[in-house]
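With full-length UniProt numbering as the guide, the letters of the sequence shown map in order to residues 1 to 545.
C-beta atoms are modelled at their ideal positions from N, C-alpha and C, and glycine is treated no differently.
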Amino acid sequence: MAAMCSTLKVGATSFGFAAANGAFDCRPDPSGTASCRASAHKPSCSHGPWNEYFAADKTSTQSLKLKRSLACDSSSPYILRFPPNFVRQLSIKARRNCGNIGVAQVVAASATDLPHAVSSDIAAATATAELENSLFEAGNKPLVNGVNHFAEKPRSCSTTSVHGGERHGRPKVTDALTTPIVQTSTYTFRDTAELIAFQEGNHTSFEYGRYGNPTTFAAESKISALEGAETTLLSASGMCAATTMLLALVPAGGHIVTTTDCYRRTRQFIQTVLPKMGITTTVIDPSDIASLERALDQHSVSLFFSESPTNPYLRCIDIELVSKLCHSKGALVCIDGTFATPVNQKALPLGADIVLHSATKYLAGHNDVLAGSVSGSKECIAPIRALHNILGGVLDPNSAYLILRGMKTLELRVRQQNASALKLAQALEAHPKVLHVHYPGLESHPEHLIAKRQMTGFGGVVSFEIAGGLEEASKFIDGLKIPYIAPSLGGCESLVEQPTIISYWDQSAAQRAKLGIKDNLVRFSCGIEDYEDIYNDFMHSLAAL
């Protein structure tokens, strides 16, 4: 092993390189068992030196692996020591081809030990930069041998959930099936020239953890593929995404139009924080198009922002109509699609400029991560990303991995939740102890026709009013055995809550009434449990009232 670890230089006559190049070393192989050895001659190829040879094919990782293998034969008792950047890209499969995997691991582990190897091979740096470009830039355009296969043959939402953003949109450092968690706070550069190339946009990499991460990039690419967006920005929570978006897109003294039914913390930010910057707001009913037109005429509106469906009454915005009206006056449209998911509704093709998600909910889908996202054109997301880089609401790469894992089953989960919620809503609407059911899949819903036109499924949340008041609603919830009493939604487990208690308990009855929050209102988020079990649980608890 000591002899193996000593490094011998390979002369110019061995590989066609000057000895001063120092990019390749050989390690003695006393046992002679290794099947991959340094050749006495460079590979027979019309491309000449290694830098030209690797640069000849910029897009095919398989070609790179093949070209590496040409360096190996059985004519010399030495183990080839690859240049640093090629070792980083060397796949496990290629290492296995070396026969003596233990020696290959020693070679790989020691590849960057020697200072001279870091800055000696500019050609290798060029080839690596080209490889990184082909890998990183493929996030939204999955190119294979120069062909955009997703564009040629559109994938279903389920297939995109599994493969989008990962199959061709991540750095290839191993042959692992799953995207690796890149747990780092910063990124290194080979030399000053490479750093300058990065700053000037000629070298693709990452600089610092607050500005990006390969694991997060893969998750962002998957969301973009699902939403049909040019780009996506992930952040630390849904509220982080919403507040950063509002601060970035609405100037001081600007005007926002939003809707009456919305998440309470969003309303608080709009009503208490934005006014400090002179930003005013018009609040309209989700279906009140006349009030929207009036606000657009009377104010210089910067942004229309609403959930669709909304929380907790599941009202639906006519996204196509609202977008046309707002765009005619120069206003942007941001739709919070958390309750819909990209499985049920794609706001961008309907005309919205930005779609926002609390990725904590359906996208991650397992009640184990906090995250938020904004997706849209590069032009719309750029100012949000710039402010995000300053404010620092960064998503941890472990959380990004959990979102990637969760999104693989997004379509399967949402399909089950859609089906359970619709059947439950229909059953509750027919029950004598339920006064009213709020669910866009019901014909009784005020925006049912809009939802039917712009959604392919109606979501997994059902809100309804129990006959009685606060006490009766609480008794019903306490009688349930399957759902957990908890805020949030969209996970595998069913959750139930009384908005009055869990979100508005600090408000008086009069204040709650003004906001439309009733004491007998129950919000139920369907999990992926069997529908019959959920139904029986509900019927048993209702019967006890």
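Residue i: first and last residue of the uninterrupted beta strand (DSSP E) it sits in
| i | result |
| --- | --- |
| E471 | No beta strand (DSSP E) holds E471; the alpha helix (DSSP H) holding it covers 470 to 479. |
| L356 | 354 to 357 |
| V434 | 434 to 438 |
In DSSP terms, what residue i is bridged to
| i | result |
| --- | --- |
| L233 | V374 |
| V283 | T258 |
| V461 | S525 |
| I485 | V496 |
| C334 | F305, I354 |
| H203 | Paired residue(s): none; H203 is not in a bridge. |
| T186 | Y208 |
| I466 | V434 |
Host alpha helix (DSSP H) of residue i (start-end)
| i | result |
| --- | --- |
| C240 | 238 to 249 |
| F305 | Looking at the DSSP string, F305 is not in any alpha helix (DSSP H); the run it does join, the beta strand (DSSP E), is 301 to 307. |
| I319 | 319 to 328 |
| H540 | 531 to 543 |
| K518 | It is not in any alpha helix (DSSP H) - K518 carries neither H nor E in the DSSP assignment. |
| L226 | 214 to 227 |
| G406 | 397 to 407 |
| S420 | 410 to 429 |
| C157 | 157 to 163 |
| V174 | The sequence as given places Thr at residue 174; Val does not occur at that position. No alpha helix (DSSP H) holds T174; DSSP gives it neither H nor E. |
| Q454 | 448 to 454 |
| T266 | 264 to 268 |
| R294 | 289 to 298 |
| T341 | 341 to 344 |
Straight-line gap, residue i to residue j (C-alpha atoms, nearest Å)
| i | j | result |
| --- | --- | --- |
| K324 | L292 | 12 Å |
| L348 | G376 | 7 Å |
| residue 559 | G165 | This structure leaves residue 559 out entirely; the chain is present only between 1 and 545. |
| T500 | P286 | 21 Å |
| P275 | H255 | 10 Å |
| G278 | A252 | 6 Å |
| T266 | R190 | 44 Å |
| A543 | G460 | 24 Å |
| D530 | W505 | 32 Å |
| I384 | R523 | 32 Å |
| T216 | V182 | 9 Å |
| I335 | I270 | 15 Å |
| Q416 | A427 | 17 Å |
| E227 | L545 | 43 Å |
| R264 | Y439 | 20 Å |
| T160 | G365 | 16 Å |
| A467 | G441 | 22 Å |
| G393 | A242 | 11 Å |
| F339 | V301 | 26 Å |
| S308 | H540 | 32 Å |
| A386 | S185 | 18 Å |
| V371 | L233 | Per the sequence presented here, residue 371 reads as Ala, with Val not at that position. Taking the straight line joining both Cα atoms gives about 10 Å. |
| F464 | N418 | 16 Å |
| N536 | I381 | 46 Å |
| residue 566 | E472 | Residue 566 is absent from the model: the chain starts at 1 and stops at 545. |
| K514 | I284 | 14 Å |
| H445 | E429 | 11 Å |
| P180 | L410 | 20 Å |
| G490 | A193 | 47 Å |
| S306 | K378 | 21 Å |
| S508 | C262 | 18 Å |
| G337 | L422 | 19 Å |
| R155 | H163 | 10 Å |
Exposed unless 16 or more other CB atoms sit within 10 angstroms - verdict on residue i
| i | result |
| --- | --- |
| D519 | buried |
| I528 | buried |
| N398 | exposed |
| P312 | buried |
| H357 | buried |
| T244 | buried |
| P487 | exposed |
| G469 | exposed |
| K481 | exposed |
| P483 | buried |
| D353 | buried |
| R413 | buried |
| P432 | exposed |
| residue 547 | Outside the modelled stretch of the chain, which goes from 1 to 545, sits residue 547, for which no answer is possible. |
| E497 | buried |
| Q298 | exposed |
| Q268 | exposed |
| T188 | exposed |
| G516 | exposed |
Closer than 8 Å: residue i CB and nearest the ligand NAD heavy atom
| i | result |
| --- | --- |
| V434 | Absence of the ligand NAD from the depicted structure is noted, as is the absence of any ligand whatsoever, leaving it without description. |
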